[in-house]
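**Q** As numbered in mature numbering (1 follows the signal peptide of the UniProt record, and there is no 0), residues -26 to -1, 1 to 265 make up the sequence shown, in order. C-beta: ideal position from N, C-alpha, C; glycine also.
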Amino acid sequence: MTTISPRCKQLALTCACAALPSLAQAATWSDTFIGYRYGTDFHEPNNGEDVRKHVLQFTHASGHSVGQHFVNLDVFQSDDKDPTQRGGSTGATEFYLTYRHQWHLGKILDKNLAFGPVKEVALTAGFDLNTKNTTFAPRKRLLVIGPTLKFDVPGFLDVSLLYGREWNHCGLGAPACPKSDIAFDPQLILSTAWGIPFSAGPVPLKFQGFINVISEKGRDYAGVRTKTETLMRTSLMVDVGQMAWGRKNTFLMGVGYEYWRNKFGNHATAAGVQKPGIDTNAPMFQMELHF
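1. Can you say whether D155 is buried or exposed, counting buried as having 16 or more other CB atoms within 10 angstroms of its CB?
2. Excluding five sequence neighbours on each side, which residues of the same chain lie with their C-beta closer than 7 Å to the C-beta of W77?
3. Which residues bound the beta strand (DSSP E) around L117?
4. Do you know how far the Cα of T2 is from the Cα of A35?
5. Please report the residue range of the alpha helix (DSSP H) in which L79 lies.
6. Select from D54, Y12, D102 the residue whose C-alpha is nearest the C-alpha of K27.
7. Closer than 8 Å is the cut-off here; do at least three beta carbon pairs connect the region 108 to 124 with the region 52 to 59?
8. Buried or exposed, going by whether 16 or more other CB atoms sit within 10 Å of the CB of I82?
9. Taking all protein chains shown into account, do 16 or more other C-beta atoms lie within 10 angstroms of the C-beta of residue 301, making it buried, or fewer, making it exposed?
10. May I have a chain-ordered list of the beta strand (DSSP E) segments no shorter than 3 residues that lie completely inside the region 140 to 195?
11. Taking DSSP as the reference, what is the three-state secondary structure of V247?
12. Is A242 helix, strand or coil when you go by DSSP?
13. State the start and end residues of the unbroken beta strand (DSSP E) segment that holds V214.
14. Could you tell me if L136 is buried or exposed, where buried requires 16 or more neighbouring beta carbons within 10 angstroms of its beta carbon?
15. For K124, which option in S4, D102, G90 has the closest C-alpha, if you only look at C-alpha atoms?
16. Can you tell me which of N86, K93, A99 puts its alpha carbon nearest to the alpha carbon of R72?
17. Cα separation between F259 and Q31?
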């Protein structure tokens, strides 16, 4: 039985409460769901083992008169191949919160900013927060801001170029982490997110996911230069609710895939030896219950 530290619980509650005032604006549309993902081939830097993870997901997206909100909280539960700070047979628990807000510039300026396949131009800003009860004890704080192109497709397709700044923590101590707290150099994030509904004969489907390509962000805790990081999570979902009881976008099931290269910008030790566990290719099973 995994014990979640009071600090982890407190951070999750604080982050969720911090997002609520923005979400309180009058919504023109909204979509909220609880999701579940499961896979057995996840990896962690400096850990050569395959890690099994259960992921509980809470997601809310909503629109208002001049923009939209997005908030996502993932709770990752690892098996004992990714142990807690206490070690033993207890797997680590990680909370990862993402919040993004878009201001739709065409609506704010009362101008048609559409061109070609782009239907709107937006300004996106937000933050990521995480905590994990391992010996490394990361405490990621990431702020981002930048333009977004919103494409005219069924569902949605957003492409953003974000300027980001990350602060984080390493609890390993010297010599692995001579610096326990670090402010990384500014970074650029090319972020693409999509959710495209379509049908294959009588089967209603949805292709969804995101890809983030994150530039180098300076040197890490050991003074090693980081490398460009690429993270993709994507899935093909069947709209079971629509097929079973005629209610669209209520209950979805499908398969997903996580592709991660140079996880967190890692690639080598100070001695120049490539770190294990920095790349992931993980098939996943996924479910979503929408409200």
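**A** On the basis of the supplied data:
1. Here residue 155 is taken as the residue at index 181 of the sequence shown, counted from 1. It counts as exposed.
2. By 1-based counting over the sequence shown, the position of residue 77 is 103. Excluding sequence positions up to five before and after W77, its CB lies within less than 7 Å of the CB of V40, G41, A96, L97, all in the same chain and listed in chain order.
3. Stepping through the sequence shown from its first residue, residue 117 is reached at position 143. Looking at the DSSP string, the run of the beta strand (DSSP E) that includes L117 is 115 to 125.
4. Counting from 1 along the sequence shown, the entry for residue 35 is found at position 61. Counting from 1 along the sequence shown, the entry for residue 2 is found at position 28. Approximately 11 Å between the Cα atoms of the pair.
5. Stepping through the sequence shown from its first residue, residue 79 is reached at position 105. Note, L79: alpha helix (DSSP H), 79 to 83.
6. Residue numbering aside, residue 27 sits at position 53 when the sequence shown is read from its first letter. Out of D54, Y12, D102, Y12 has the C-alpha closest to the C-alpha of K27.
7. With the cut-off at 8 Å, the region 108 to 124 and the region 52 to 59 touch.
8. The residue labelled residue 82 in the question sits at position 108 within the sequence shown. It counts as exposed.
9. As shown, the chain starts at -26 and ends at 265. That puts residue 301 outside it, with no answer to give.
10. Counting only runs of at least 3 residues, the region 140 to 195 fully encloses the following beta strand (DSSP E) elements, listed from N- to C-terminal order: 155 to 157, 161 to 174, 177 to 188.
11. In the sequence shown, the residue the question calls residue 247 occupies position 273. Of the three classes helix, strand and coil, the one that applies to V247 here is coil, per DSSP.
12. If you number the sequence shown from 1, residue 242 lands on position 268. Three-state result, A242: strand.
13. The residue you call residue 214 lines up with position 240 of the sequence shown. Where V214 is concerned, there is no enclosing beta strand (DSSP E), although the alpha helix (DSSP H) it sits in stretches over 214 to 219.
14. Here residue 136 is taken as the residue at index 162 of the sequence shown, counted from 1. Its Cβ being crowded by 16 or more others within 10 Å, L136 is buried.
15. Within the sequence shown, numbered from 1, the residue matching residue 124 stands at position 150. Restricting attention to S4, D102, G90, the CA atom closest to the CA of K124 is found in G90.
16. The residue labelled residue 72 in the question sits at position 98 within the sequence shown. The sequence given here has Thr at residue 72, not Arg. Nearest in C-alpha terms to T72, of all of N86, K93, A99, is A99.
17. Locating residue 259 in the sequence shown gives position 285, counting from the first residue. Locating residue 31 in the sequence shown gives position 57, counting from the first residue. If I take the Cα positions, the gap works out to 13 Å.
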